[in-house]
Every structure is written in structure tokens, then in C-alpha cells.
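With the UniProt record's numbering, letter number 5 in the sequence shown gets 5, and the count goes up by one each step, no holes. Built from N, CA and C at the ideal position, the CB exists for glycine as well.
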Amino acid sequence: MNISPNIFVFCALACEAKPLIKAWRLKKLPAASHPFAIYTDQHRVVVISGIGKLAMAGAIGYVMALFENPGLPIMLNMGIAGHRKHEPGSLVLGQKITDSESGRSFYPQLPFTVFVPTETVFTQAKPNADYSTQGVFDMEASGFYEMAVKFSSSELIQVAKIISDNAQSPMTNITETAVERWIDLQLPNIQLLIEQIADCRSLAPQNNVLQIQQKLSEQFHMTVSHSLKLNVLLQRWWLLKGDTELKWQETGPKNAKELLAWIENELDRTDFYL
Numbered sequence: 001m002n003i004s005p006n007i008f009v010f011c012a013l014a015c016e017a018k019p020l021i022k023a024w025r026l027k028k029l030p031a032a033s034h035p036f037a038i039y040t041d042q043h044r045v046v047v048i049s050g051i052g053k054l055a056m057a058g059a060i061g062y063v064m065a066l067f068e069n070p071g072l073p074i075m076l077n078m079g080i081a082g083h084r085k086h087e088p089g090s091l092v093l094g095q096k097i098t099d100s101e102s103g104r105s106f107y108p109q110l111p112f113t114v115f116v117p118t119e120t121v122f123t124q125a126k127p128n129a130d131y132s133t134q135g136v137f138d139m140e141a142s143g144f145y146e147m148a149v150k151f152s153s154s155e156l157i158q159v160a161k162i163i164s165d166n167a168q169s170p171m172t173n174i175t176e177t178a179v180e181r182w183i184d185l186q187l188p189n190i191q192l193l194i195e196q197i198a199d200c201r202s203l204a205p206q207n208n209v210l211q212i213q214q215k216l217s218e219q220f221h222m223t224v225s226h227s228l229k230l231n232v233l234l235q236r237w238w239l240l241k242g243d244t245e246l247k248w249q250e251t252g253p254k255n256a257k258e259l260l261a262w263i264e265n266e267l268d269r270t271d272f273y274l
């Protein structure tokens with residue numbers, strides 16, 4: 001593609017995406033050319049993946065390969081979810097994402113002022129009608145997060161859920177019209193969330209990152225895919241560790257794969273202790 005957007009919003013359903021598409025006046029890419037519905041302008045992309053974590057992961061992989069995006073993109077999963085008590089139409093942010101099948105959990109970083117409730121998001125293979133457990137229930141978040149971290153940094157990857165059902169108002173009451181109305185009412189908060197995430201990204205020193213990336217890419221004879229992954233890791237390094245020196249020489253990596261593995265391990269240790 002000859003455009004380079006840096007904000008990507010992934011929704012499972014068309015009714016979740018329509019308010020953003022309308023508000024941002026996005027144009028649809030030719031449907032015959034793509035397996036997913038993709039709407040875009042110069043800076044923003046909204047993708048309709050279809051239901052389920054596998055569909056969501058597939059949409060992310062396809063779209064991120066489609067666009068040549070410089071630096072680290074903002075990646076947001078926005079959609080409906082159930083909760084025991086929260087009112088339908090309310091907005092929550094995922095502070096922990098758990099895949100109910102595998103038990104694997106992910107922990108988005110929230111380095112900004114959180115102005116809505118935060119919840120653990122449980123991703124399940126089927127719709128959940130049991131409201132006895134505390135937390136938010138959806139069908140895409142874990143697939144989204146597990147794939148998104150391959151393309152950006154955890155500070156820039158967020159899961160925002162609009163509550164669609166609870167113990168008093170079960171999922172049988174959900175309509176597409178209601179979903180569109182709820183999300184339309186939350187657009188100011190969604191826009192504010194994106195602006196706060198963008199502020200985190202704007203702190204990164206792009207020039208320094210590119211210089212280090214170029215030096216290491218040449219030294220380790222990196223492939224294009226290795227160089228792109230290095231860029232993502234270097235951006236994360238600065239966001240998490242500031243100007244802490246990248247002391248890769250002490251470990252003596254023999255090739256690009258070993259270097260990238262060492263950087264990733266150091267970042268994972270940092271994420272753990274935050």
C-alpha cells in the first residue's frame with residue numbers, strides 16, 4: 001500500500017466498527033481484493049475480522065503485512081463483551097487478558113491516566129451466559145493480543161470493551177442497533193484513549209532507534225523480517241528502559257536470531273517487574 005497509517009482498530013463485528021468508520025469518514029478498500037473488510041484514511045485503519053480469536057489473529061497478520069507502517073503502530077481491539085454488573089454501554093479497559101482455553105495470560109501496560117474501569121478480559125470459544133465470575137467475557141481479545149505483540153509494543157496495544165450484557169440484561173437482548181448506539185456514545189472516550197496511547201509513542205526517539213537498527217542490521221546481516229522485528233524491540237526498549245544502554249556485546253550473540261532473542265528476554269524481564 002502507498003499509505004502508512006499508524007492507528008489500527010480491530011473489531012469482530014460490523015456494528016462495532018460502523019460508528020468509527022462514520023466518524024472518521026474512512027473509505028473501504030475493494031472487497032474483492034481482501035479477505036477482511038478494511039476501512040482506511042492516511043492515518044487510521046478499522047478492520048472487521050469476524051467472530052473468534054482465530055479470525056482476529058488472522059486479520060491482524062494480514063493487515064499488518066498489507067500496510068508498510070513505520071515505527072510502532074497503535075493497535076486497539078474494540079468490541080462488545082459481557083460482565084456481571086457493569087451497565088450495558090459502559091466502557092472498560094483490559095488490564096489482563098486471559099485465554100480461557102489455554103490459560104495463557106497477557107498484561108497490557110497502562111502508562112497513562114486510566115479514566116475508565118479496568119477488568120480482566122476472559123476470551124472464550126463460545127458466548128458466555130454465566131455471570132457468576134468476576135471479569136469481562138469476549139471471544140477475540142487473547143487472539144488479538146497474542147498476535148499484536150508481534151507488531152508493536154505492549155504500551156501501544158490495548159483492549160477496550162463496551163459492555164453489551166450482564167446478569168440483568170442477558171445477551172439475548174443485544175441488537176446491532178444497540179451496539180452501534182453504545183459505541184457512538186463512547187466515541188469521545190475512545191478518541192481520548194487513542195490520544196493518550198499516541199502520547200506514549202511520541203516519547204520514543206525515532207532517530208536514535210533507526211540509527212541503532214541500521215548499525216545492528218548491517219553488523220548481523222539481518223533479513224528484512226529480522227530488521228523489522230529489531231525495530232519493534234528497540235522501540236519497546238526505549239519506552240520501557242529509557243536510555244539504558246543496550247549491552248548486547250556482553251552476551252556475545254553469534255547471529256541475528258540470538259541477538260533478537262536476548263533483547264526480547266531482557267524486555268520480558270522488564271515487563272514482569274513493572
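From the DSSP output, in three-state form, read off residue i for me.
i	result
residue 247	coil
residue 145	helix
residue 37	strand
residue 93	strand
residue 238	helix
residue 274	Summary for residue 274: the model assigns pLDDT 42, below 50, so the residue's position carries little reliability; its value from the coordinates is reported in the next sentence. Coil.
residue 43	coil
residue 126	coil
residue 173	helix
residue 183	helix
residue 164	strand
residue 75	strand
residue 82	strand
Just to confirm my understanding: we take residue i, look at its own chain, exclude 5 residues before and 5 after, and list those with CB closer than 8 Å. What are they?
i	result
residue 19	180, 183, 184, 187
residue 264	233
residue 196	112, 113
residue 213	227, 230, 231, 234
Does residue i pass the burial test, meaning 16 or more other C-beta atoms within 10 Å, or should it be called exposed?
i	result
residue 30	exposed
residue 25	exposed
residue 273	At residue 273 the pLDDT is 42, less than 50, meaning the model places this residue with poor confidence and gives no usable figure here.
residue 269	exposed
residue 224	exposed
residue 259	buried
residue 102	exposed
residue 167	exposed
residue 133	exposed
residue 236	buried
residue 165	buried
Is the beta carbon of residue i less than 8 Å from the beta carbon of residue j?
i	j	result
residue 220	residue 256	yes
residue 163	residue 34	no
residue 199	residue 115	no
residue 171	residue 51	no
residue 37	residue 91	no
residue 5	residue 67	yes
residue 10	residue 47	yes
residue 120	residue 142	no
residue 216	residue 228	no
residue 154	residue 88	no
residue 63	residue 7	no
residue 49	residue 59	yes
To which residues of the same chain is residue i closer than 7 Å at the C-beta, ignoring the five residues directly before and after it?
i	result
residue 157	75, 108, 145, 148, 149
residue 54	143
Of all the options the options, which has the alpha carbon lying nearest to the alpha carbon of residue i?
i	options	result
residue 201	258, 169, 232	232
residue 27	3, 97, 13	3
residue 21	5, 32, 170, 41	41
residue 16	266, 77, 98	77
residue 61	248, 169, 269, 152	152
residue 81	225, 230, 58, 136	136
residue 79	72, 239, 127, 12	12
residue 175	49, 213, 14	14
residue 194	43, 96, 89	43
residue 240	267, 49, 248, 246	267
residue 96	110, 86, 246	110
Using a Cβ-Cβ cut-off of 6 Å (strictly less than) and excluding sequence neighbours within five positions of residue i, which residues of its own chain qualify?
i	result
residue 251	262
residue 222	256
So, is the C-beta of residue i closer than 8 Å to a C-beta in chain D?
i	result
residue 90	Considering every chain present, this structure includes no chain D. It has just one protein chain.
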